[in-house]
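Colleague: So that we are looking at the same thing, I have put the structure below in structure tokens.
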Amino acid sequence: MTPTIVLITVAVYLAILFYVAWRTSRGSDNSSFFTGGRSNSWVIAAMAMVGAAISGVTFISVPGWVAQSGFSYMQMVMGFIVGNCLIAFVLIPLFYKLNVISLYQYLDDRFGAKSYATGAWFFFISKMTGAALRAFLICAVLQTLVFDAYGIPFVANVAIMMALVWLYTRAGGVSSVIGTDLLKTACLIGSVVLCIIFMIKELGFGFGEAVSQVSSHDYSQLFFFEDGADKRFFWKQFLAGVFMSIATTGLDQDMMQRTLSCKSPRDSQKNLVISIFLQAAVIFMFLFLGVLFYIYLAGKGITGGAESFFPMVDAAGNTIIADSDQVFSYIATKSGLPLIVGILFVLGLISSTYSAAGSAMTALTTSFTVDILHGTKRYDEKQLTTVRKRIHIAMAVMMGIFILIFNACKNTSLIDMVYTLASYTYGPILGMFAFGIFSRRHTADKYVPFAAIIGVGLSLLLQMNSERWFGGYQFSYEILLFNAAFTAIGMWLLSLKKETK
């Protein structure tokens, strides 16, 4: 697949993307930027949520990840389903009742300004790092496929991408994000389905034989109940999935902007329940595709090492694939498959990544304007528009800087990095909301930031020493639960201090 074909594919998609953004942003104001005007049907929101949840990291990282983790990711997905149902019937009524623009306004009403700021800042850090990590993915792939061929440095690649993301979200905000999410969902599902069809054809299988080959493969193991110390152990993955969903969907300004754009709480609940089952089906297809990839590579004599599996080498010992995140890219663009597979790969990747970066930039702009600057209280409509546009530019610049940092630091599977970061940055938010919803106690608001920071520190200490302290036990993403618990306990202790005054 030549750099020219990649550029043409990207250009065609971006032309469609900008057209959709233009159509959905006409007549927009601050209300449509922040909340979409609360006028979308649940069907539109549900389809947008599928696209929002399936990022470029999922697209490129999950198929390659099956070599190390099998289908264990589906254990987390089962937890996501339960978590989304809890969001639908616990958090949605609360947020609609309070009529919030930003979710973290709840913390202000419940505890005070310091708690509000703590939640907003932890969201800001989490969303900025997570979005930059996802955006880094497409920059890295396009650097290999296009920019290196023309001698264009990585920093210029990043600057071009962030300028394009800023342009298509600058006016419409949530309204544009939902419109482009629908485009992304169509491209994403179409790409993975067609890639599966082409891979089955290339392997010479019928559909039934492909299902049989995948289900009998070592990489298709779904449940892991044997070893409680294993990161893939069912209950660790399932519980992490439940609370990861609550934290990264229900308490995430980016994801909930789509849900709260629905006309009523009932529509929002339908959106959350239907969308998570659709997401589960799409993730399963990515895993299925991943096993087909490894069957294909084995047929070409490309295998992995006995311990870490990567790098993968050919019969002569030459390194072909350095890590799991390169599997899909290699097969789509360099393995000799029909050109259409490479085009579908690029289309699915750019659609998922541009949409994710755009929605994250909108959410960060909203959170910084509303939560940190208190813009809706301090400025009139004209001033608020000016401030919001300036912050939007600043978010694009900051995200670009974080992408450059990740380019220098990447050393593991991207999807693993996403969930690891989320376990630490969303933990305090989950702890604060849990304490607020499930207790009636008040706390010493001015000390809440310290409780949150100490909770993160204790969680990190626990994870770093778990194997030595607990006989080889390794924490996975369930460290999120301990992070949240430490924060909630800290707030409870501060509530005792408040009562003694």
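In numbering that gives the first Met the number 0, the protein residues as written are 0 to 500.
Where is the CB? At the ideal position from N, CA and C, for every residue including glycine.
Note that the coordinates shown come from a computational prediction; the quantities given were computed from them, not determined experimentally.
1. Hey, out of F401, I273, T368 and T375, whose CA is closest to I390's CA?
2. For the alpha helix (DSSP H) that T318 lies in, which residues bound it at each end?
3. The alpha helix (DSSP H) that contains K235, what's its start and end?
4. In chain order, what residues of the same chain have a beta carbon less than 8 angstroms from the beta carbon of V61, not counting five sequence neighbours either side?
5. Given 8 angstroms as the limit, is there contact between the region 266-274 and the region 423-443, that is, 3 or more CB pairs closer than that?
6. Using DSSP bridges, identify the partner residues of T302.
7. Is it right to say F135 is buried, meaning 16 or more other beta carbons lie within 10 angstroms of its own, or is it exposed?
8. Counting Cβ pairs, one atom from each stretch, are 3 or more of them under 8 angstroms apart for the region 453-461 and the region 478-485?
9. Compute the Euclidean distance between the alpha carbons of Y122 and G111, then round it to the nearest angstrom.
10. Let's see if you can read the secondary structure: which residues bound the alpha helix (DSSP H) around A209?
11. Is the region 391-405 touching the region 154-164, taking contact as three or more C-beta pairs under 8 angstroms?
12. Counting only the same chain and skipping the five closest in sequence on each side, list residues whose C-beta sits under 8 angstroms from that of T128.
13. Please report how far the alpha carbon of S211 lies from the alpha carbon of Q220, in whole angstroms.
14. Return the chain-ordered list of same chain residues with a C-beta closer than 7 angstroms to the C-beta of M397, the five sequence neighbours on each side being excluded.
15. Hey, A74 and G341: beta-carbon distance below 8 angstroms or not?
16. How big is the Cα-Cα spacing for F469 and S125?
17. What does the Cβ neighbour count give for N482, buried or exposed, with the cut at 16 atoms within 10 Å?
18. Quick one, which of T365, A297 and L296 has its alpha-carbon nearest G253's?
19. For E201, which of K299, S114 and D313 has the nearest alpha-carbon?
20. Between the Cα of C138 and those of P310, K183, N98 and V9, spot the shortest distance and give me the residue it belongs to.
21. Tell whether a beta-carbon distance below 8 angstroms holds between Y353 and V164.
22. How about the region 242-251 and the region 342-351: do they share at least three Cβ pairs that are nearer than 8 angstroms?
23. What residue range does the alpha helix (DSSP H) around R440 cover?
24. Which whole-angstrom value is the C-beta distance of Y295 and V65, which I expect to be below 8 angstroms?
25. Is the region 429-438 in contact with the region 482-494, if contact means three or more CB pairs nearer than 8 angstroms?
26. Quick check: the Cα distance between F58 and L277, rounded to an integer number of angstroms?
27. Shortest alpha-carbon distance to L336 belongs to which of P427, L250, R22 and L193?
28. How long is the line joining the alpha carbons of G374 and G357, rounded to whole angstroms?
29. Cα-Cα, which of S334, T302, R231 and A359 is closest to E473?
30. Who are the near neighbours of L90 in its chain, counting only those whose CB is closer than 6 angstroms to its CB and skipping five residues on each side?
31. For the alpha helix (DSSP H) that H391 lies in, which residues bound it at each end?
32. Rounding to the nearest angstrom, what Cα-Cα distance links G426 and A280 in this structure?
33. Going by other Cβ atoms of all chains shown within 10 Å of its Cβ, with 16 needed for buried, is I382 buried or exposed?
34. Would R467 be called buried (16 or more neighbouring beta carbons within 10 Å of its own) or exposed?
Modeller: In this structure, then:
1. Residue 390 sits at position 391 when you count from the first residue of the sequence shown. The candidate whose alpha carbon is nearest that of I390 is T368.
2. Along the sequence shown, read from residue 1 onward, the residue named residue 318 stands at position 319. Going by DSSP, T318 is part of no alpha helix (DSSP H) but of the beta strand (DSSP E) stretching over T318 to I320.
3. As a working mapping, residue 235 is identified with position 236 in the sequence shown. Per DSSP, K235 belongs to the alpha helix (DSSP H) from F233 to S244.
4. By one-based count along the sequence shown, residue 61 stands at place 62. Closer than 8 angstroms at Cβ, skipping near neighbours: Y72, I282, F285, L286, G289 and I414.
5. no
6. Locating residue 302 in the sequence shown gives position 303, where the first residue counts as 1. Its beta-bridge partners are V312.
7. The residue labelled residue 135 in the question sits at position 136 within the sequence shown. The residue is buried, with at least 16 neighbouring Cβ atoms inside 10 Å.
8. yes
9. Your numbering for residue 122 matches position 123 in the sequence shown. Your numbering for residue 111 matches position 112 in the sequence shown. One point to set straight first is that residue 122 is Phe, not Tyr, in the sequence displayed. Distance between the alpha carbons of F122 and G111: 17 angstroms.
10. Your numbering for residue 209 matches position 210 in the sequence shown. Element bounds for A209: F206 to S214.
11. yes
12. For the purposes of this step, residue 128 is taken as residue 129 along the sequence shown, with counting starting at 1. Apart from sequence neighbours up to five positions away, the residues of its chain that approach T128 with a beta-carbon distance below 8 angstroms are F401, L420 and T424, ordered along the chain.
13. Locating residue 211 in the sequence shown gives position 212, where the first residue counts as 1. Locating residue 220 in the sequence shown gives position 221, where the first residue counts as 1. Taking the straight line from one Cα to the other gives about 13 angstroms.
14. Translated into positions along the sequence shown, residue 397 becomes position 398. These residues qualify, in order along the chain: M127.
15. Counted from its first residue, the sequence shown places residue 74 at position 75. Counted from its first residue, the sequence shown places residue 341 at position 342. Just to set this straight, residue 74 is Gln in the shown sequence, not Ala. No, the Cβ-Cβ distance between Q74 and G341 is not below 8 angstroms.
16. The sequence position of residue 469 within the sequence shown is 470, counting from 1. The sequence position of residue 125 within the sequence shown is 126, counting from 1. Their Cα atoms are separated by approximately 29 angstroms.
17. Here residue 482 is taken as the residue at index 483 of the sequence shown, counted from 1. Buried is the call here.
18. Here residue 253 refers to the residue found at position 254 of the sequence shown. Strictly speaking, residue 253 in this sequence is Asp, with Gly absent from that position. Among T365, A297 and L296, the Cα nearest to that of D253 belongs to T365.
19. Within the sequence shown, residue 201 is the residue found at index 202, counting from 1. Considering only alpha carbons, the answer is K299.
20. For the purposes of this step, residue 138 is taken as residue 139 along the sequence shown, with counting starting at 1. Here the closest residue by C-alpha is V9.
21. Position 354 of the sequence shown, counted from the first residue, corresponds to residue 353. Position 165 of the sequence shown, counted from the first residue, corresponds to residue 164. Their beta carbons are under 8 angstroms apart, which means Y353 touches V164 by this criterion.
22. no
23. For the purposes of this step, residue 440 is taken as the residue at position 441 of the sequence shown. Element bounds for R440: n/a, residue is neither H nor E.
24. In the sequence shown, residue 295 corresponds to position 296, counting from 1. In the sequence shown, residue 65 corresponds to position 66, counting from 1. At roughly 13 angstroms, the Cβ-Cβ gap does not stay under 8 angstroms, so Y295 and V65 are not in contact.
25. yes
26. By one-based count along the sequence shown, residue 58 stands at place 59. By one-based count along the sequence shown, residue 277 stands at place 278. Taking the straight line from one Cα to the other gives about 15 angstroms.
27. Taking the sequence shown and counting its residues from 1, the one referred to as residue 336 is at position 337. For L336, the nearest C-alpha among the options comes from L193.
28. Counting from one through the sequence shown, the residue named residue 374 turns up at place 375. Counting from one through the sequence shown, the residue named residue 357 turns up at place 358. Distance between the alpha carbons of G374 and G357 is about 21 angstroms.
29. Counting from 1 along the sequence shown, the entry for residue 473 is found at position 474. Going by the sequence as given, residue 473 is Gln instead of Glu. Nearest option by C-alpha distance: R231.
30. Counting from one through the sequence shown, the residue named residue 90 turns up at place 91. So the qualifying residues of the chain are G249.
31. Within the sequence shown, the letter at position 392 stands for residue 391. From DSSP, the alpha helix (DSSP H) with H391 extends over E380 to C408.
32. In the sequence shown, counting from the first residue as 1, residue 426 sits at position 427. In the sequence shown, counting from the first residue as 1, residue 280 sits at position 281. If I take the Cα positions, the gap works out to 27 angstroms.
33. On the sequence shown, residue 382 is found 383 positions in, with the first residue counted as 1. The sequence given here has Gln at residue 382, not Ile. Q382 should be labelled exposed.
34. Translated into positions along the sequence shown, residue 467 becomes position 468. So R467 counts as exposed.
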